[in-house]
Amino acid sequence: MMYWDREYETMSRDNLAELQLQRLQATVERVYHKVPFYRQAFEKQGITPRDIRSLDDLRHLPFTVKTDLRDNYPFGLFAVPMEEVVRLHASSGTTGKPTVVGYTQNDINTWANLMARALVMAGGTKGDVVQNAYGYGLFTGGMGIHYGAELLGATVVPVSGGNTARQLMLMQDFGTTILTCTPSYALYLAEEGRNQGIDFAKLPLKAGVFGAEPWSERMRRQLEEKLHITALDIYGLSEVMGPGVAMECPVKEGMHIFEDHFIAEIIDPETGEPVPFGEQGELVITSLTKEAFPIIRYRTRDITVLNPEPCPCGRTHVRMCRVTGRTDDMLIIRGVNVFPSQVESVLLEFGETEPHYLLVVDRKGTMDDLEIWVELSNQMFSDKVRYLEDLEYRLRSRINSVLGISARIKLVEPRTIPRSEGKAKRVVDRREI
Ligand code: DLL
């Protein structure tokens, strides 16, 4: 099978633009009437839905940013009554509260459809065994891929993340043909497998659908060599849907953004002005078909470049290059989004340490490692060891639960964390990808 949905994937640019405009107008109309936040934001710009007469008019609409989601926590941006919402997902917010998104049954169907489309790009068919090692739960990775693989008719192994020995056992016993997980975890599986004497060349594994964190061409080469597969990049974010917003085709020169459901723009992150195709900037996405949680001009904070050149695979949708950075300080550690401000909010909540901290991120082997340095005051430094041990324990538990990943806490002496005259430096990232 070449395409999951030939009509939409290979639609002429003219027809696509027509479809986008029609869907954009409907979306704008809906959010204007159903979501007070959008109505107010539009009114502030002096815009009504009737002002959207062409795709170019999109640029007159206001941006939506992550803090808008926090300010309307948990369901304030939903455009349907809760009876229509059949599922919630969430990702890290910048402080203690997560960013919540909702889906109607139609949204779930659309998502499954787009994920099936993505899996077909990786050569997926009904005959495949998809080992889905993305995390299941509030994170969109696990269930997003799962529903797409089922719709495709493949056999899904919903193993979720972690438990490497079991992953490797199942991969051999069940004859996994497609592996879906973060690229760093795939590399870890490859190395652990090799240590156990597994010869991946002899396994039926043929493709990997890797995303949720940045990776590189160097990592692609390693993954393809070690696992004897084709390794492809998949992009998405919970605010926009989850995995399956864009997917790389076998040409391996960027990910097709599913433009029948999303409009992509690149802006200059400083000025907010659109930049031409081929220039680097921040990716901004507008949803065209979502019901429960439509989103207008969402600033992803991801830095990329769009390539409108026709693709040899025959798909007409624009391609985005690998995400090369972020315009904010969000880190992705073991696939989990982490904001330094989350650590800060815990320290403030405790009120027992100085507000000086540093996140030290490293890659030990193929695994990300996080150590958080927290500075003690002079007075505390002379406190009893028992107290400090207890403080460290409490901080670790709280930070682990707020961040959703485990970190080591290192209590450091007064004034050891470097002060800066400008913006404080909260992160040392030593990973090489
Ligand atoms: O990571 C959705 C996803 C799941 C994508 C599984 C792909 C596979 P969030 O947790 O909301 O959603 O995180 C979204 O992750 O803004 C990017 O910074 C980053 N990201 C996602 N895919 C890629 C990728 C999921 N292929 C944030 N390359 C995004 C680089 C990626 N970064």
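For the sequence shown, numbering that gives the first Met the number 0 assigns the number 0 to the initial residue and increments by one for each residue that follows. Glycine included, every Cβ here is placed at the ideal spot set by N, Cα and C.
Query raised in the report: Just reading off the alpha helix (DSSP H) that Glu391 is part of, what are its end residues?
Result: Start and end: Val384 to Leu402.
Query raised in the report: Buried or exposed: where does Arg318 fall if 16 or more other Cβ atoms within 10 Å of its Cβ makes it buried?
Result: Buried.
Query raised in the report: What do you reckon, is the C-beta of Glu431 under 8 angstroms from a heavy atom of the ligand DLL?
Result: For Glu431, the Cβ stays outside the 8 angstroms cut-off from all heavy atoms of the ligand DLL.
Requested in this report: Starting from the Cα of Val250, find the closest Cα among Thr66, Met120 and Val34 and give me that residue.
Outcome: Comparing Cα-Cα distances from Val250 to each of Thr66, Met120 and Val34, the minimum goes to Met120.
Requested in this report: Mind reading off the beta-carbon distance from Thr26 to Ser344? Whole number of angstroms is fine, and I expect it under 8 angstroms.
Outcome: Contact annotation, Thr26 with Ser344: C-beta distance approximately 34 angstroms; criterion of less than 8 angstroms not satisfied.
Query raised in the report: In terms of residues, what are the limits of the beta strand (DSSP E) holding Gly280?
Result: Unbroken beta strand (DSSP E) run through Gly280: Gly280 to Ser286.
Query raised in the report: Cβ-heavy atom distance between Tyr133 and the ligand DLL below 8 angstroms?
Result: Checking every heavy atom of the ligand DLL against the Cβ of Tyr133, one is found closer than 8 angstroms.
Query raised in the report: Between Thr124 and the ligand DLL, is the CB less than 8 angstroms from at least one heavy atom?
Result: Because no heavy atom of the ligand DLL lies under 8 angstroms away, the Cβ of Thr124 does not count as near it: no.
Query - Own chain, CB closer than 8 angstroms to Arg433, minus 5 neighbours either side, in chain order - result: There is no way to answer for residue 433, as the model of the chain reaches only from 0 to 432.
Query raised in the report: Does the region 209-216 touch the region 148-159, meaning 3 or more C-beta pairs lie closer than 8 angstroms?
Result: Too few Cβ pairs lie closer than 8 angstroms, so no.
Query raised in the report: Exposed or buried, Ser381, counting other C-beta atoms within 10 Å across all chains shown (16 or more means buried)?
Result: The residue in question, Ser381, is exposed, as its Cβ has fewer than 16 Cβ neighbours within 10 Å.
Query raised in the report: How would you label Asn445, buried or exposed, when you count the other beta carbons within 10 angstroms and need 16 or more for buried?
Result: For residue 445 there is no data in the structure shown, the boundaries of the chain being 0 and 432.
Query raised in the report: Which of helix, strand or coil does DSSP assign to Ala121?
Result: Here Ala121 sits in coil by DSSP.
Query raised in the report: Going straight from the alpha carbon of Ala78 to that of Asp328, what length do you get?
Result: The C-alpha of Asp328 is placed about 30 angstroms away from the C-alpha of Ala78.
Query - Alpha-carbon spacing of Lys289 relative to Glu82, whole angstroms - result: Their backbone Cα atoms lie some 16 angstroms apart in a straight line.
Requested in this report: Identify whether Asp301 lies in helix, strand or coil by the three-state DSSP scheme.
Outcome: Three-state result, Asp301: strand.
Query raised in the report: Measuring from the CB of Trp214, is there a heavy atom of the ligand DLL at a distance below 8 angstroms?
Result: Checking every heavy atom of the ligand DLL against the Cβ of Trp214, one is found closer than 8 angstroms.
Query raised in the report: Apart from the five residues just before and just after Arg206, which ones in its own chain have a Cβ nearer than 8 angstroms to its Cβ?
Result: A small correction: the amino acid at residue 206 is Ala; Arg does not occupy that position in the sequence shown. Closer than 8 angstroms at the Cβ level, and outside the excluded window around Ala206, lie Ala121, Gly122, Gly123, Thr176, Ile177, Leu178, Ile228, Thr229, Ala230 and Leu231.
Requested in this report: Tell me whether Glu238 counts as near the ligand DLL, meaning its Cβ is closer than 8 angstroms to at least one heavy atom of that ligand.
Outcome: Checking the Cβ of Glu238 against the ligand DLL gives yes.
Report task. Would you give the residue range spanned by the beta strand (DSSP E) that Thr179 belongs to? Result -> From DSSP, the beta strand (DSSP E) with Thr179 extends over Ile177 to Cys180.
Report task. Would you kindly report the start and end of the unbroken alpha helix (DSSP H) that includes Ile144? Result -> Run containing Ile144: Thr139 to Leu151, per the alpha helix (DSSP H) assignment.
Requested in this report: State the CB to CB distance for the pair Leu434 and Ile266, rounded to an integer number of angstroms; the pair is presumed to be in contact (CB under 8 angstroms).
Outcome: No answer is possible for residue 434: it lies beyond the span of the chain, which begins at 0 and ends at 432.
Report task. Round the Cβ separation of Glu281 and Arg296 to the nearest angstrom and send it over; I've been treating them as touching at under 8 angstroms. Result -> Contact flag wrong, Cβ pair sits at about 11 angstroms.
**Report entry** Cα-Cα separation, Gly126 to Ile197
**Finding:** Computed Cα separation, rounded: 23 angstroms.
Report task. Look at the alpha carbon of His32 and the alpha carbon of Gly241, and state the distance between them as a whole number of angstroms. Result -> Taking the Cα positions, His32 is about 25 angstroms away from Gly241.
**Report entry** Exposed unless 16 or more other CB atoms sit within 10 angstroms - verdict on Thr415
**Finding:** Classification of Thr415: exposed, given that the 10 Å Cβ count is below 16.
Query raised in the report: Which of the three DSSP states, helix, strand or coil, is assigned to Gly192?
Result: The answer is helix: DSSP assigns Gly192 an H, G or I state.
**Report entry** Thr139 Cβ short of 8 angstroms to the ligand DLL heavy atom set
**Finding:** For Thr139, the shortest separation between its Cβ and any heavy atom of the ligand DLL lies below 8 angstroms.
Query - For Ser183, three-class secondary structure by DSSP - result: Here Ser183 sits in helix by DSSP.
Query raised in the report: What are the residues that DSSP puts in a beta bridge with Val426?
Result: For Val426, which the question treats as bridged, DSSP gives the partners Leu358.
Requested in this report: Please confirm whether Thr303 and Val322 have their CB atoms less than 9 angstroms apart.
Outcome: Cβ atoms of Thr303 and Val322: closer than 9 angstroms.
Report task. Let me know the secondary structure DSSP gives His260 once reduced to three states. Result -> Coil, per DSSP.
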